[in-house]
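K.L.:
Mapping to the numbering used here: the sequence shown position 289 is 289, numbers consecutive.
For glycine and all other residues, C-beta sits at the position ideal for the given N, C-alpha and C.
None of these values were measured; they are calculated from a predicted model.
Take this structure first; my questions come after.
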Amino acid sequence: MKEAKGLKVERIALHGYGIAHFQGKTIFIPYTAIGDIVDIRITQEKKDIAFGSVIRYQSRPNEIIEAPCEAFGPKGQCGGCDWLMAPYKTQLRWKDILIKGIFEPFVDPALIQEITPSPVEYGYRNKAFFPVSSRKGRLIFGMYQSWTHTVIPHKACQIQMPIFDKIAQRVIELAQKSKVQAYEETKHAGNLRQIGFRSSSDGKEILLILVTKSARLPFSNLLVKQITSEFPKITGIIQNIQRNRSNVILGDDDRVLWGKAFITERFHGLSFRVHYRSFLQVNPGASSLIVDTMREQLGSAKRVIDAYSGIGTIGLSLASQIRELSLIEEVPEAVEDARRNAELNKIKDVEFYCGRVEDLLGKVITRDQDAIILDPPRSGLAEQVPGVIARARIPKVLYLSCNPMTLARDLKSFLAKGYSLKLLKPFDMFPQTWHIETLAVLERT
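So, in structure tokens, the structure goes:
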């Protein structure tokens, strides 16, 4: 492959890439920082752009630090982190640059606030799934290499709760001893696909999830006996069966091998039951800061819809200042969790709707709603959703997004339908990565 030497990284792009130029093309290079001088190998080339991998760093800015993970960088190529080599203040500066680059072309720059840091920089993720593979006849677990399904093993992931690696390593040892085969995606053979975890933020309740291709799990008795003995904070072991040849991690079928399939999480003074399938923000400290801001921005709103509500974390946390609350969520287990959470916390005047937001919103909306909270997946809103909200003339929209590009697309739709932007506030939900959580507040003009 073609090589290029002495390229200077000029700026940072989405997906954490550094940008350089070579022979009239824009080159995207992972694991680089602004100011790096690098020699690279071109790995993919298109008409006006190319992608490269670092062969050698000729020089690096003084602020760059040694990454505290052997799986990170051009040699390790783990896809879990993007910026472990950068001090946290530098990461925040880069994220501010990304947000401004996306939104300043069409919104007033004065409305874009600086990013709010995460209270915790490392070990913040309360949920993880590690793919399983084999190498030289031995089972391994880790994270995928960027843009591939090649498993990169690690010993101490810097962004997950540290105990996850310890439990996963023990599961691998027991599986190896029992001659369990790793799942092979290309052949649709083998059985053990993923080792997953969900933990309460205090670490006192941990769920262990084994994703398999078939219901057969010959070492389940040994697993339960050893793991529950060695890791007393585990409160449930679940086998999820994903029979399909699919990139979707979880299948439709499951069974509880031991304990229970949910944890109880304390958040904003409330108790939340969280099923292993249900969505919950992975960084509870940063999530709490977001809810504080939402509470302030809701103001006197009394009739509120929480769309994409999950287990009700946001809506129920704000319920003390709301008279009527409607939750819309697609995942049945999450809706059931939300119902139980309302009962658990003695919260009344809540209605629950199970289904897709684009299918149900028109039926749920009345002319009485003061505000709507939107927290969609990375794909953003379905095309018709902004129009439904605009026709109902809901005065205020609080839109929380984990993808600034789809947020930008949806904001343009709202702006074209009679809404004005009042606030754009990014939060660092995902330190050590390029990902950004952003809250947009819109009002009907």
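1) Can we say the stretch 118-138 touches the stretch 46-56, given the rule of at least three CB pairs closer than 8 Å?
2) Please return the same chain residues whose Cβ sits closer than 7 Å to the Cβ of residue 48, not counting the five positions on each side in sequence.
3) When burial is assigned at 16 or more other CB atoms within 10 Å of the CB, is residue 265 buried or exposed?
4) In three-state terms, what does DSSP make of residue 102?
5) Please determine, among 213, 158 and 79, the residue with the shortest C-alpha to C-alpha distance to residue 148.
6) Is it buried or exposed, residue 247, if we count other Cβ atoms within 10 angstroms and call 16 or more buried?
7) Measure from the alpha carbon of residue 226 to the alpha carbon of each residue in 258, 245 and 199, then state which is nearest.
8) CB of residue 359 to nearest heavy atom of the ligand GDP: below 6 Å?
9) Output yes or no for whether 7 Å exceeds the beta carbon distance between residue 419 and residue 391.
10) Could you work out which residue in 242, 433 and 370 is closest to residue 92 when comparing CA atoms only?
11) Secondary structure at residue 381, three-state DSSP: helix, strand or coil?
12) Quick one: measure Cβ to Cβ for residue 425 and residue 113, integer angstroms, because I've assumed they're closer than 8 Å.
13) Starting from residue 74, follow the alpha helix (DSSP H) in both directions and report where the run begins and ends.
14) Starting from the C-beta of residue 315, find all residues in its chain whose C-beta is less than 6 Å away, skip the five residues before and the five after it, and write them out in chain order.
15) Would you say residue 183 and residue 193 are within 7 Å of each other, going by their C-beta atoms?
16) Can residue 446 and residue 372 be called in contact, C-beta distance under 7 Å?
17) With DSSP as the reference, label residue 296 as helix, strand or coil.
18) Any idea what DSSP makes of residue 404, helix, strand or coil?
P.N.:
By the coordinates alone:
1) Touching, no.
2) In the same chain as residue 48, and ignoring 5 residues on each side of it, the C-beta atoms closer than 7 Å to its own belong to 25 and 26, in chain order.
3) That one is buried.
4) The answer is helix: DSSP assigns residue 102 an H, G or I state.
5) By alpha-carbon distance to residue 148, the top candidate from 213, 158 and 79 is 79.
6) Under a 10 Å Cβ-count criterion, residue 247 is classified as exposed, with fewer than 16 other Cβ atoms of the shown protein chains found around its own Cβ.
7) Considering only 258, 245 and 199, the residue with the shortest C-alpha distance to residue 226 is 258.
8) The model depicted lacks the ligand GDP and carries no ligand whatsoever.
9) No, these two residues do not count as a Cβ contact at 7 Å.
10) Measuring C-alpha to C-alpha distances from residue 92 to each of 242, 433 and 370 identifies 433 as the nearest.
11) Note: residue 381 maps to coil in three-state DSSP.
12) Right, their Cβ atoms sit about 5 Å apart.
13) Segment 73-76, the alpha helix (DSSP H) holding residue 74.
14) Only 306, 309, 325 and 327 meet the Cβ criterion.
15) Closer than 7 Å, so yes.
16) This structure leaves residue 446 out entirely; the chain is present only between 1 and 445.
17) Secondary structure at residue 296: helix, using DSSP grouped into helix, strand and coil.
18) Helix, per DSSP.
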